[in-house]
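Visitor:
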Amino acid sequence: MRNTEIGQGAESVNRNRLPNRRASETIGFKRGNLHFCMTVGTYPDGRPGEIFLNAEHSNSFLDALTHDAAILASLALQHGCTLETIAHALKRDAQGIAASPIGAAVDLIT
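Residue 309, in the working numbering, is where the sequence shown stops; the numbers in between run on with no holes.
#1: So, helix, strand or coil for SER299, using DSSP?
#2: What are the start and end residues of the alpha helix (DSSP H) that includes SER257?
#3: When DSSP labels each residue in this structure, what does HIS234 get in the three-state scheme?
#4: DSSP state of LEU252, grouped into three classes?
#5: Cα separation between GLU255 and GLY302?
#6: Give the straight-line distance between the Cα atoms of LEU307 and PHE228, rounded to the nearest whole angstrom.
#7: Closest to ASN215 by CA distance: which of PRO243, ASN232, MET237 is it?
#8: In three-state DSSP terms, what is THR182?
#9: Assuming contact is defined by CB atoms lying nearer than 8 Å, are LEU252 and PHE235 in contact in what I supplied?
#10: In angstroms with no decimal places, state the Cα-to-Cα distance between ASN258 and GLY245.
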């Protein structure tokens, strides 16, 4: 196993960053009895390029998990992964409904 410092090599030449000024849309939604707030930033052509997701209770464990999951989804989008690919990879219940808040968020914008 290679010993690498955290953050080293984290940037890729293939990352398509969003412009500093970009359109965004904020959407509130409920998953079970929990409320979430999502903001989606888009590229000039309208494609989603970043997702911010927060749980109703700021700084809670659930808020941290949803926030971090949204960062990972954003990085995947910026490296060329499609929303459809992300949605397909996330856990679903027997009826095909997203099992997590990030899954529900991705479904809302897919």
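Glycine is no exception: its CB is placed at the ideal position from the N, C-alpha and C atoms.
Guide: Concretely, from the data shown:
#1: In the sequence shown, residue 299 corresponds to position 100, counting from 1. Assignment of SER299 by DSSP, reduced to helix, strand and coil, places it in the coil class.
#2: Position 58 of the sequence shown, counting from 1, holds the residue named residue 257. Careful: SER257 lies outside any alpha helix (DSSP H) and carries neither H nor E.
#3: Counting from one through the sequence shown, the residue named residue 234 turns up at place 35. Reduced to three states, the DSSP call for HIS234 is strand.
#4: To locate residue 252, count along the sequence shown from 1; it is residue 53. Of the three classes helix, strand and coil, the one that applies to LEU252 here is strand, per DSSP.
#5: Mapped onto the sequence shown, residue 255 falls at position 56. Mapped onto the sequence shown, residue 302 falls at position 103. C-alpha separation (whole angstroms): 17 Å.
#6: As a first step, residue 307 is located in the sequence shown; it is residue number 108 there, counting from the start. As a first step, residue 228 is located in the sequence shown; it is residue number 29 there, counting from the start. In a straight line, the C-alpha of LEU307 is about 9 Å away from that of PHE228.
#7: For the purposes of this step, residue 215 is taken as the residue at position 16 of the sequence shown. Taking ASN215 as reference, the option from PRO243, ASN232, MET237 with the minimal CA-CA separation is PRO243.
#8: Here the chain covers residues 200 to 309 and nothing more, so residue 182 does not appear.
#9: One-based indexing of the sequence shown puts residue 252 at position 53. One-based indexing of the sequence shown puts residue 235 at position 36. Yes. Within cutoff.
#10: Residue numbering aside, residue 258 sits at position 59 when the sequence shown is read from its first letter. Residue numbering aside, residue 245 sits at position 46 when the sequence shown is read from its first letter. When rounded, the distance between both Cα atoms is 31 Å.
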